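Presented below is the structure to which this report refers.
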Amino acid sequence: MSEQILHAVFLVAITAEAMTAALAAGRRSMDWFGVAMLGSITALGGGSIRDVLLGHYPLTWVAHPEYLVITSGAALATIAIARIVHRLRHAFLLLDAIGLVVFTVIGCNIAMAMDQPLLIVIVAGMITGCLGGVLRDVLCNDVPLLFRSELYASVSVVTGAIYVGGTRYGLPPEAVMLTAMTIGLTLRLLALRYNWNMPTFVYTRDLH
Amino acid sequence: MSEQILHAVFLVAITAEAMTAALAAGRRSMDWFGVAMLGSITALGGGSIRDVLLGHYPLTWVAHPEYLVITSGAALATIAIARIVHRLRHAFLLLDAIGLVVFTVIGCNIAMAMDQPLLIVIVAGMITGCLGGVLRDVLCNDVPLLFRSELYASVSVVTGAIYVGGTRYGLPPEAVMLTAMTIGLTLRLLALRYNWNMPTFVYTRDLH
Amino acid sequence: MSEQILHAVFLVAITAEAMTAALAAGRRSMDWFGVAMLGSITALGGGSIRDVLLGHYPLTWVAHPEYLVITSGAALATIAIARIVHRLRHAFLLLDAIGLVVFTVIGCNIAMAMDQPLLIVIVAGMITGCLGGVLRDVLCNDVPLLFRSELYASVSVVTGAIYVGGTRYGLPPEAVMLTAMTIGLTLRLLALRYNWNMPTFVYTRDLH
């Protein structure tokens, strides 16, 4: 049952990711095709990078092409309802935060099913949760936001570490998953609310 | 026999792609090595991404290293004959359009041989036809042109859809292939001639 | 025994790569997480791209997660000792040059073990030696330095060609490896000292 809920939340999360990516596409004046593609790449790219790096075939969207329909459709719908999406931006930040922890847990599950070592399981969760946004930023010609702000990746690592650690210690998987996701989500929302950031490293001299 | 013609056109197309990519490298003042590399990545990158995403090994240029010689050589030759390439730019736009539909059909063929679902076959064609140019633009530090102009990707999707659809309906493969490529090519040339573009999505507000 | 020395130098080289990448992250004001990630991607990214393109699983850092600890740790340590790293920048250029030839030889070894054709072995060495830096530059939103300067990739190709050529001719592998690395290293240091560059291709007209 928890598997089904996770899947339902996953579908909501890729929809939300595709819709916020569509706004980023709009900021770069992309055409409709670019909007659909950037939405799909952002929503499904993190999981794709994870699968390619782990050699885990077929990729999620190859096995389930309907996900491409969902993400492209959501991105294109955003063109019509950009004003509403803008008004609901706080709800979208919440959906994005939920997506982050859900993607993380799903990524960890896949690496665990492959019997990867503990650190790789956490990294797989982080790649799944975060790298879609990095692809979006690279394709929009920005320095990835992930590398600069808001505990985003840290939330993913904390969520993954609690989930993996708890599972290894033999605690009941569903309870551990819920706890990890709740802590991760809370941390992310607090970071957004109070504008928490990691310390940055500012270096101004050239190497040569 | 049609297989051989397709292969010959493929060789012409990767040569043309490498040569136009060399001009893009020249606009960024890359050195000779960068020119050869950007030419090869542009010409062979779409197929490489397709193969990596589908887990289809070995990659085309790993099985046929001579393709790397062709693309690097064509890119380097462009340095000497940039003036001629510039004068023949309309011919190159035609070659590029031919390459687009040929790459698309080849990509569809590979995905069909792997028994991928219909949507994935079309996507594989589109990735093969279009993503080399996206890699070129990312490496040149531009927002990918693909996401912003000229029905390029749409032509690939239309070509792939006709080809795959016709093949599924049991029509003779060669006739379907020729029809799909002719329609795709015509559409692309009309888009270039009359400056057709997809509508763009312009969004100027920040999400936060 | 030579295997062990190569491995030890590899560890020094990924440490040095991660540390210079950390300075690049600092120039973009990334946060601590971004510093660790950019350091790891730069140090291990070339080998990862090689493995993904060749279908060589598991990837190095997946089989040896401790490498991620080394590269992240080295990048983070750089935040504290940026001043020292700056003062030792000439030593780091030397370490980077050593890393280039060592990565190249390791990449060639992996492709040779897979019985790849000669050209692919050289390309695998070049990808291993050079593409980590390309990923770093793309993520920092720069046109890759590799495409523009200092015989970097050429050194890798020369090193790989000597190594592969000598090995094919049946010369003793260890002697060939040392010779190839010495010549490559010398070439790279001379290029840095005398500011040797490949000729660039400057093209200023638009294609359209």
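Residue numbers (the working numbering), protein chains in the order written: chain A, 1 to 208; chain B, 1001 to 1208; chain C, 2001 to 2208. Virtual Cβ for every residue (Gly too), placed ideally from N, Cα, C. Predicted, not measured: the structure shown is a model, and the values here were computed from it.
| query | result |
| --- | --- |
| Cβ closer than 7 Å: which chain A residues qualify as neighbours of Leu1119/B? | Pro65 and Leu68 |
| Closer than 8 Å by C-beta to Phe1092/B: which residues in its own chain qualify, once you throw out the five before and the five after it? Chain order, please. | Ala1016, Met1019, Thr1020 and Val1085 |
| From this set, Leu1185/B, Ile1162/B, Arg1193/B and Leu1076/B, which residue's C-alpha is nearest Ala1175/B's C-alpha? | Ile1162/B |
| Within the stretch 68 to 96 of chain A, note down every full alpha helix (DSSP H) run reaching 4 residues or more, in order along the chain. | 82 to 87 |
| Closer than 8 Å, Cβ to any Cβ of chain B: which residues of the stretch 2100 to 2112 of chain C, in chain order? | none |
| Could you tell me the alpha carbon to alpha carbon distance between Val2062/C and Ala1191/B, rounded to whole angstroms? | 46 Å |
| When you check each C-beta in the stretch 2009 to 2032 of chain C against every C-beta of chain A, which residues fall closer than 9 Å? | Thr2020, Ala2022, Leu2023, Ala2024, Ala2025, Gly2026, Arg2027, Arg2028, Ser2029, Met2030, Asp2031 and Trp2032 |
| Using 8 Å as the threshold, is the stretch 1073 to 1080 of chain B in touch with the stretch 1021 to 1040 of chain B, meaning 3 or more CB pairs across them? | yes |
| So, for Ile1127/B: in the same chain, excluding its five sequence neighbours on each side, which residues have a beta-carbon less than 8 Å away from its beta-carbon? | Gly1046, Ile1049, Arg1050, Leu1053 and Gly1107 |
| With a 10 Å radius around its C-beta and 16 neighbouring C-beta atoms as the bar for buried, classify Leu1135/B as buried or exposed. | buried |
| State yes or no: is the beta carbon of Leu207/A nearer than 8 Å to at least one beta carbon in chain C? | Confidence at Leu207/A is low in this model, with a pLDDT of 47, below 50, so its placement is unreliable and the value that follows should be read with caution. Answer yes: the Cβ-Cβ gap between Leu207/A and chain C drops below 8 Å somewhere. |
| How about Val143/A: is its C-beta nearer than 8 Å to some C-beta of chain C? | yes |
| On the CB-based measure, 16 or more other CB atoms within 10 Å of its CB, does Phe1201/B come out buried or exposed? | buried |
| Anything in the stretch 2073 to 2101 of chain C with a Cβ closer than 7 Å to a Cβ of chain A? List those residues in chain order, please. | Ile2079, Ala2082, His2086 and Arg2089 |
| Listing by chain order, which chain A residues have their CB less than 8 Å from the CB of Leu2139/C? | Val134, Val138, Val143, Pro144 and Phe147 |
| With 16 other CB atoms within 10 Å as the buried threshold, where does Val2035/C fall? | buried |
| Taking the runs of the alpha helix (DSSP H) that are 4 residues or longer, which of them lie wholly in the stretch 107 to 153 of chain A? | 118 to 139 |
| With a threshold of 8 Å between beta carbons, is Tyr2057/C in contact with chain A? | yes |
| Would you please verify whether the beta carbon of Asn1035/B is less than 8 Å from any beta carbon of chain C? | The question names Asn, but residue 1035/B is Val in the sequence shown. Yes, contact with chain C. |
| Could you confirm whether any beta carbon from chain C is found closer than 8 Å to the beta carbon of Ser1048/B? | yes |
| Near Val2102/C, which residues of its chain fall below 6 Å by C-beta distance, leaving aside the five closest residues on each side in sequence? | Val2009, Phe2010 and Ala2013 |
| Based on the DSSP output, what are the partners of Asp2031/C in its beta bridges? | Thr200/A |
| If you run the structure through DSSP and keep just helix, strand and coil, what is Tyr57/A? | coil |
| Could you give the first and the last residue of the continuous alpha helix (DSSP H) run that contains Pro1173/B? | Pro1173 to Arg1193 |
| So is Val2052/C in contact with chain B if we call contact Cβ pairs under 8 Å? | yes |
| Using 8 Å for Cβ pairs, my map puts Gly184/A next to Val155/A. What's the rounded Cβ distance? | 5 Å |
| Here's the rule I'm using: 16 or more other beta-carbon atoms within 10 Å means buried, otherwise exposed. How should His1208/B be labelled? | For His1208/B, the pLDDT reaches just 48, beneath the cut-off of 50, and the residue's location in the model is therefore unreliable, although a value from the coordinates is still provided. Counting Cβ neighbours within 10 Å, His1208/B comes out exposed, since fewer than 16 surround it. |
| Starting from Val1158/B, find everything on chain C with Cβ-Cβ shorter than 8 Å and list it in chain order. | Result: empty, since nearest Cβ-Cβ is about 23 Å, beyond 8 Å. |
| With a CB to CB cut of under 8 Å and the five nearest residues on each side skipped, what residues in its chain are close to Arg168/A? | Leu118 |
| Please tell me whether Val2143/C and Leu1068/B are closer than 8 Å, where the distance is taken between their beta carbons. | no |
| Which residues in the same chain have their Cβ closer than 7 Å to the Cβ of Leu95/A, if we skip the five residues on either side of it in sequence? | Val12, Ala13 and Ala16 |
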